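Numbering (our numbering), first residue to last: 478 to 1027. Cβ atoms here follow ideal geometry from the backbone N, Cα and C, with glycine treated the same way. Treat the numbers as computed from the prediction; the structure is a model and nothing was measured.
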């Protein structure tokens, strides 16, 4: 495919005058931002989508997916048009019918996507999304994935599924030299493009310019650098990485300014979704002080599993005047079920207490608000649903509580870190975990719990029986250098009364330890876990601290 796109595009919508009042002259003080990945509309069971019925995308479903997230404080919503390789809009650069014909001829399989059938029949995804947002006085942005690797590992297979037609593109297949790694690798880090190559960036720059020109009524754009966060060869210096990314973002900024000049209204907002962990910033060339000169907000993301260990404080120190959002998700950890494929995992659902404490901590470290990603996936989705349930509706009605910072100061503390299923046996007995903690009001006594599972239990669903009558090991737990006293677990699988009944493993797999008053520090706390004896290897899955507020 030629990299030089020469085409004139006509705008298809008019910016409604009353939408100019969505915010003032300065950058909008959004409190919460909700991300809609589009595919959840058909992949998740909901009041507007019956998984037992044939997959069919409709405008009504798109609008319903917007309306359900319209709650107090949710000031902006994002739409992600799939993976941003194949345009999910009326593109002249990569017309969908031509793309599907290439896919059909190249892979010898018929494209089979309900979203594509809807678009080819004249449907629109982005337009109704923007319109429904504006009807509900919510800002509407497009989230564009800069380097999504989903399914690219199969691009050079002889035959694919028809459901892969939204991922594979002629441009990608015909330019294997743009990949970060060899064709023999199926690692996502190797499958993505090297953004030090201008021609690789040019493809995405052209698509971004096109979608902005078609939908100038959008209120802005977020560039998603998390799907997936690999852009450069390892030896490229950070300064060069940042310069490349800022140059790319300046081009996006220019296109957004053109949209404002074309149809009027407020200045279009430019945000970026970047890793929340500072150790991952180099991978995307993220230098907060540099990027703050170009963009309006940082959306700091854990990518998938919600985390309390974030880079909010560092980003705030390096970019004091840029809006910062900490991303919250539907889960805090996942584990693969036995003999399963993609999206067939069990997951620890994010509870009210997890959401509240993660938001409270983010505010304390300098965040201006919170964002939400993958939030629809509390619902039934993917394979092995009979093992993953029971499911829940996303807690939309609860979310306004996350903007009441005064009320958050009075909640019970719930602090957590993933154990990452590290093995404790004769070869590895000790591990330190750093937890950023903001003690609950009064900093009184607390309980620390660890979750230890056997090798056999590791890939199991909670509906399967655990091993009984076994010694789960002798454990010593230290907090900030002081040994804690072990006690009996009296908190069940989850220490609070919760409507969520799945994702916590089983009570018998937890061990509890007493934390004395005043032992928790505001800031980094070090938890040392030592397994002094175990009859078999044990996997440390989870660490949590529960502290009642006084």
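| Check | Outcome |
| --- | --- |
| Any chance the segment 887 to 900 sits against the segment 944 to 963, with 3 or more Cβ pairs inside 8 Å? | no |
| Report the residue ranges of all alpha helix (DSSP H) runs contained in full by the segment 526 to 577; include only those spanning at least 4 residues, in chain order. | 536 to 544 |
| Return the chain-ordered ranges of every alpha helix (DSSP H) run that is complete within the segment 621 to 699 and spans a minimum of 4 residues. | 647 to 651, 665 to 668, 675 to 691 |
| Can you tell me which of the three DSSP states residue 814 falls into? | coil |
| Residue 896 and residue 1019 - do their beta-carbons sit closer together than 7 Å? | yes |
| Going by Cα to Cα distance, which pick from 887, 822, 883, 1009 is closest to residue 938? | 822 |
| Relative to the C-alpha of residue 869, which residue among 815, 553, 521, 737 is closest? | 521 |
| Give me whichever residues DSSP pairs with residue 822 in a beta bridge. | 813 |
| For the structure I just gave you, are there three or more beta carbon pairs, one from the segment 591 to 605 and one from the segment 544 to 554, closer than 8 Å? | no |
| Do you know how far the Cα of residue 708 is from the Cα of residue 624? | 8 Å |
| Does residue 524 come out as helix, strand or coil in the three-state DSSP assignment? | coil |
| What's the C-alpha gap between residue 495 and residue 1006? | Only weak support exists for where residue 495 lies, its pLDDT of 34 falling under 50; the coordinates are left without a value. |
| In angstroms with no decimal places, state the Cα-to-Cα distance between residue 810 and residue 825. | 5 Å |
| Check whether the segment 718 to 735 touches the segment 573 to 587, taking contact to mean three or more Cβ pairs, one atom from each stretch, closer than 8 Å. | no |
| Taking the straight line between their C-alpha atoms, what separation do you get for residue 740 and residue 681? | 24 Å |
| What separation, rounded to the nearest whole angstrom, lies between the Cα atoms of residue 671 and residue 656? | 6 Å |
| When the Cα atoms are used, what is the spatial distance from residue 524 to residue 589? | 24 Å |
| So, helix, strand or coil for residue 755, using DSSP? | helix |
| What ranges does the beta strand (DSSP E) occupy inside the segment 889 to 967, keeping only unbroken runs of at least 3 residues that lie completely in it? | 890 to 901, 907 to 914, 923 to 931, 951 to 956, 962 to 964 |
| Just list the residues that DSSP pairs residue 512 with in beta bridges. | 555 |
| What is the DSSP secondary structure of residue 786, counted as helix, strand or coil? | coil |
| Should residue 744 and residue 736 be called a contact, given that it needs their Cβ atoms to be closer than 7 Å? | no |
| Does DSSP put residue 603 in a helix, in a strand, or in coil? | helix |
| Pairing CB atoms from the segment 641 to 652 with CB atoms from the segment 561 to 576, are three or more of them under 8 Å? | yes |
| Is the segment 871 to 878 touching the segment 925 to 932, taking contact as three or more C-beta pairs under 8 Å? | no |
| Quick check on this structure: which residue in 532, 1017, 981, 591 has the alpha carbon closest to the alpha carbon of residue 866? | 981 |
| DSSP three-state label for residue 517, please. | helix |
| Across which residues does DSSP place residue 1008 in a beta bridge pair? | 952 |
| If we count the other Cβ atoms within 10 Å of its Cβ and call it buried at 16 or more, is residue 502 buried or exposed? | Its pLDDT being 47, under 50, residue 502 is placed unreliably by the model, and nothing is read from it. |
| When you compare only the Cα positions, how much space is there between residue 610 and residue 815? | 41 Å |
| Residue 1021: which of 1008, 518, 1003 sits nearest, CA to CA? | 1003 |
| Please report the Cβ distance between residue 617 and residue 532, rounded to the nearest whole angstrom; I am assuming they are in contact, meaning their Cβ atoms lie under 8 Å. | With 8 Å as the limit, residue 617 and residue 532 do not qualify as a contact, their Cβ atoms being about 25 Å apart. |
| Can the beta-carbon of residue 950 be found less than 7 Å from the beta-carbon of residue 996? | no |
| Closer than 6 Å by C-beta to residue 969: which residues in its own chain qualify, once you throw out the five before and the five after it? Chain order, please. | 984 |
| What did DSSP end up calling residue 730 once you bin it into helix, strand or coil? | helix |
| Let me know if residue 577 comes out buried or exposed under the rule of 16 or more other beta-carbons within 10 Å of its beta-carbon. | buried |
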